[in-house]
Ligand code: ADE
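In my numbering, the protein residues as written are 7 to 234.
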């Protein structure tokens, strides 16, 4: 078993590398990958850079080149559900691409032929996350995450994503990582800590809370690794 732990930004992966302590750095396909053994478990760690294309490349590389057999994503998200506040954790049950649009041909948003609007995450790891949350004395919300190549800082767009996909949070990588893992039969887990409310204050809130929220998410994911 080899576990991939990925984020999109350096801030999302730094607390993971800190926890792991020592690692080997490998340059591959225009990115840096960190190989480590943590409590007897082989890990490959990387941040992809922001967005669906870079996250697709990194997830694919972690699986096909580095041989990862499970993938855990750790990072931050914008809240759609009013019950999610800055610092809260959300575990994705399924993910969609909110900016995928061939509705001109009569298809629903987020759908292309031979694809699906939603991709479901691994149920076993969701169950495990409940035990991890209990052991940490934390509450973690399960919900739908919508992904797109947009930083959403607009109430109208956020509400549209919420009503169209039933989404509770939004970000820029989970939906593409989900497509990769599902196609390659690799169980995956997507965790996000809220950094902002995807509204007109989102960029300020993101800058202020990126680091602390990323740390919350990373700590949780490392406790997941302990259990796997
Ligand atoms: N990740 C964190 N906050 C976000 C937002 N408002 N839009 C897109 N991705 C995000």
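Yeah, the Cβ is synthetic: ideal placement off N, Cα and C, and Gly gets one too.
Since this is a predicted model, take the numbers as computed values, not measurements.
Short note on residue 57: C-beta not closer than 7 Å to any heavy atom of the ligand ADE.
Two segments are said to touch when three or more pairs of C-beta atoms, one from each, lie closer than 8 Å; by this definition the segment 60-69 does not touch the segment 89-98.
For residue 180, same chain residues with a beta-carbon under 7 Å away, outside a window of 5 residues either side, are 79, 98, 101, 151, 153 and 196 in chain order. Every beta strand (DSSP E) of 3 residues or more that sits fully in the segment 151-224 is shown, in chain order, as 175-177 and 194-202.
Within 7 Å of the C-beta of residue 208 there is at least one heavy atom belonging to the ligand ADE. The residues 26, 29 and 49, in chain order, have a CB closer than 6 Å to that of residue 42 in the same chain once the five nearest residues on each side in sequence are set aside.
Around residue 34, the same chain offers 67 and 71 as residues with beta carbons nearer than 7 Å, after the five sequence neighbours per side are excluded. Under the criterion of beta carbons closer than 8 Å, residue 24 and residue 53 do not qualify as touching, at roughly 14 Å. Within the chosen limit of 7 Å, the ligand ADE does not reach the beta carbon of residue 226 with any heavy atom.
Inter-residue distance for residue 169 and residue 175 is about 12 Å (C-alpha atoms, whole angstroms).
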